[in-house]
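Working notes for the structure below.
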Amino acid sequence: MSATATTATSGSPTVVAGGTWVVDLDGVVWLAGEPIGEVARAIGRLRGVGVDVLFVTNNSAPSTGELLARLSRAGVTAGPADVLSSADAAASLLADGQRAGFVGGDGLREALERRGVVLTSEPPVDAVVVGWTQQFDFDQLTEAATLARSCGRLIGTNEDPTHPTPQGLLPGTGSLLAAVATASGLRPEVAGKPHAALVSLVRQRIGPPDRLRLVVGDQPRTDGVLAQQLGVPFALVDSGVTPAGTPSTVPVAHRAADLSALVDELVAAHGPPH
Ligand SMILES: [Mg+2]
């Protein structure tokens, strides 16, 4: 498959005429904490032609404030309404006042507390929620599995088995979730991309469905399937976990080396230069 952004004619003719793009963070905006290419210029050019950007990540560990600070360091201005994470999706599966056991980072804790969920290690609980953390050991596994068994409900923020770092692949949330699922004997509900809870949150955040134009991501299994679930084209960038030339497992409307190349190609094809 070509690594060039493709065809002004096969996708929606209005892909850059107003509306909203859903843009992944890891592997699209940054990689290992470093901004990818001219990402700030690309987002600016996109906004300049009237496109809103909703950043959607399966990383549940950073708080909203941390995500906004990382975007700011990458040169991208954004507010709380411009970001959604798998932590928000997991929290949306619980109701105000429910009690939950918890394995995860600040982002998941914040999302659950914002929802009004009471975090506790004491039964009774309504669910156990698992997100990404490096603080995970046998005691936590024992506690989470015991609580989950007691209530029969296990929720995972996402099921990504690994995530890329400069040191290589580290175990992802899917690995921690599999441990708790195996030890509790429960089948987990997964909230993040490309599952229903996150799809529903994206729809709520965007408003009228015809505003949604495109999903941009580096991972067909999550971002590409999210695009399918939302009923919009998928743009695959080669700047993350999917190397250039690797066939996609889902249909790809546009493919580019990175977000800058994608935006330049699509804006030049569809809209006035900024
Ligand atoms: Mg990604």
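For the sequence shown, my numbering begins at 16 and goes up steadily by one.
All C-beta atoms, glycine included, are put in the ideal place defined by N, C-alpha and C.
#### Entry: Ranges of the alpha helix (DSSP H) found wholly within the segment 214 to 238, counting only runs of at least 4
none
### Task
Compute the minimum distance between the beta carbon of Asp233 and the heavy atoms of ligand 1, and state whether it is under 7 Å.
Your numbering for residue 233 matches position 218 in the sequence shown. Asp233: yes, Cβ under 7 Å from ligand 1.
### Nearest-angstrom Cα separation, counted from Pro176 out to Met16
Here residue 16 is taken as the residue at index 1 of the sequence shown, counted from 1. Here residue 176 is taken as the residue at index 161 of the sequence shown, counted from 1. Confidence at Met16 is low in this model, with a pLDDT of 38, below 50, so the placement of that residue is unreliable and no value is reported for it.
### Message
What does the Cβ neighbour count give for Leu227, buried or exposed, with the cut at 16 atoms within 10 Å?
### Response
Position 212 of the sequence shown holds residue 227. Buried.
### Task
Have a look at Leu281 and Val44 and give me their C-alpha separation to the nearest angstrom.
Position 266 of the sequence shown holds residue 281. Position 29 of the sequence shown holds residue 44. So the two alpha carbons sit approximately 17 Å from each other.
### Query
Who are the Cβ neighbours of Val133 in its own chain at under 6 Å, not counting the five residues just before and after it?
On the sequence shown, position 118 is the one that residue 133 refers to. Hits under 6 Å: Arg114.
### Message
Mapping the DSSP letters down to three states, classify His285 as helix, strand or coil.
### Response
Stepping through the sequence shown from its first residue, residue 285 is reached at position 270. In this structure, His285 counts as helix in the three-state DSSP scheme.
### Task
Tell me whether the beta-carbon of His285 lies closer than 8 Å to the beta-carbon of Ala57.
For this step, residue 285 is matched to residue 270 along the sequence shown. For this step, residue 57 is matched to residue 42 along the sequence shown. No; because the gap between Cβ atoms is not below 8 Å, this pair is not in contact.
### Message
Once DSSP output is grouped into helix, strand and coil, what is the label at Glu49?
### Response
Locating residue 49 in the sequence shown gives position 34, counting from the first residue. Correct three-state label for Glu49: strand.
### Message
Whole angstroms are fine: how far does the CA of Phe249 sit from the CA of Gln219?
### Response
Position 204 of the sequence shown, counted from the start, is the residue given in the question as residue 219. Position 234 of the sequence shown, counted from the start, is the residue given in the question as residue 249. Each residue's Cα considered, the two are about 20 Å apart.
### Query
Does the beta-carbon distance from Leu213 to Gly207 come in below 8 Å?
In the sequence shown, counting from the first residue as 1, residue 213 sits at position 198. In the sequence shown, counting from the first residue as 1, residue 207 sits at position 192. For Leu213 and Gly207, yes; Cβs fall inside 8 Å.
### Message
Does Ala23 come out as helix, strand or coil in the three-state DSSP assignment?
### Response
Taking the first residue of the sequence shown as 1, we reach residue 23 at position 8. Because the pLDDT at Ala23 is just 37, under 50, the model does not fix this residue reliably, and the point stays unresolved.
### Task
Taking Leu169 as the reference, give the member of Pro209, Ser215, Val118 with the closest Cα.
On the sequence shown, position 154 is the one that residue 169 refers to. That would be Val118, whose Cα lies nearest to the Cα of Leu169.
#### Entry: CA nearest to the CA of Val37, picked from Asp233, Val144, Ala272
Within the sequence shown, numbered from 1, the residue matching residue 37 stands at position 22. Ranking Asp233, Val144, Ala272 by Cα distance to Val37 puts Asp233 first.
### Coarse secondary structure for Asp67, derived from DSSP in three states
Sequence index remark: in the sequence shown, residue 67 carries index 52 (1-based). It is a strand residue.
### Task
Mind listing, in chain order, the continuous alpha helix (DSSP H) runs of no fewer than 4 residues lying wholly within the segment 77 to 162?
79 to 88, 101 to 106, 121 to 130
### Query
Just to confirm, does Val43 get its C-beta within under 7 Å of one of the non-hydrogen atoms of ligand 1?
Looking up residue 43 in the sequence shown gives position 28. Within the cutoff, so yes.
### Query
Should Thr155 go down as buried or exposed, given a rule of 16 or more other Cβ atoms within 10 Å for buried?
For the purposes of this step, residue 155 is identified with residue 140 of the sequence shown, where counting begins at 1. Looking at the sequence provided, one finds Gln at residue 155 rather than Thr. With 16 or more other Cβ atoms within 10 Å, it is buried.
### Task
In the DSSP assignment, find the unbroken beta strand (DSSP E) run with Ala271 in it and report its ends.
Sequence index remark: in the sequence shown, residue 271 carries index 256 (1-based). Ala271 -> beta strand (DSSP E) spans 269 to 271.
### Task
Go to Trp240, then tell me how far its alpha helix (DSSP H) extends in each direction, as first and last residue.
Position 225 of the sequence shown, counted from the start, is the residue given in the question as residue 240. The identity of residue 240 in the sequence shown is Val, whereas the question assumes Trp. Where Val240 is concerned, the enclosing alpha helix (DSSP H) stretches over 240 to 245.
### Query
Should the segment 86 to 106 be regarded as contacting the segment 122 to 131, the criterion being three or more beta carbon pairs within less than 8 Å?
yes
### Task
Ignore the nearest five residues each way along the sequence and tell me which others in Thr180's own chain have a CB closer than 8 Å to its CB.
By one-based count along the sequence shown, residue 180 stands at place 165. Only Ala47 meet the Cβ criterion.
### Task
For Gly260, name the three-state secondary structure that DSSP assigns.
Position 245 of the sequence shown, counting from 1, holds the residue named residue 260. Correct three-state label for Gly260: coil.
### Query
Between which two residues does the beta strand (DSSP E) carrying Gly171 extend?
As a position in the sequence shown, residue 171 is number 156, starting the count at 1. Gly171 -> beta strand (DSSP E) spans 169 to 171.
### For Gly34, the nearest candidate out of Leu40, Glu53, Val68, Thr157 (CA to CA)
To locate residue 34, count along the sequence shown from 1; it is residue 19. With distances taken between Cα atoms, Gly34 lies closest to Val68.
### Own chain, CB closer than 6 Å to Arg62, minus 5 neighbours either side, in chain order
Along the sequence shown, read from residue 1 onward, the residue named residue 62 stands at position 47. If we look at Arg62 and ignore the five residues flanking it on each side, it has no Cβ neighbours.
### Query
Leaving out five residues before and five after Val265 in sequence, what residues of the same chain have Cβ atoms less than 7 Å from its Cβ?
Counting from 1 along the sequence shown, the entry for residue 265 is found at position 250. The residues are Pro235, Gly239, Val240, Gln243, Phe249.
### Leu192 vs Gly171 beta-carbon contact at 8 Å
For the purposes of this step, residue 192 is taken as residue 177 along the sequence shown, with counting starting at 1. For the purposes of this step, residue 171 is taken as residue 156 along the sequence shown, with counting starting at 1. Yes.
### Query
Quick one: Cα of Ser75 to Cα of Gly187, how far?
As a first step, residue 75 must be located in the sequence shown, where it is residue number 60. As a first step, residue 187 must be located in the sequence shown, where it is residue number 172. Their Cα atoms are separated by approximately 11 Å.
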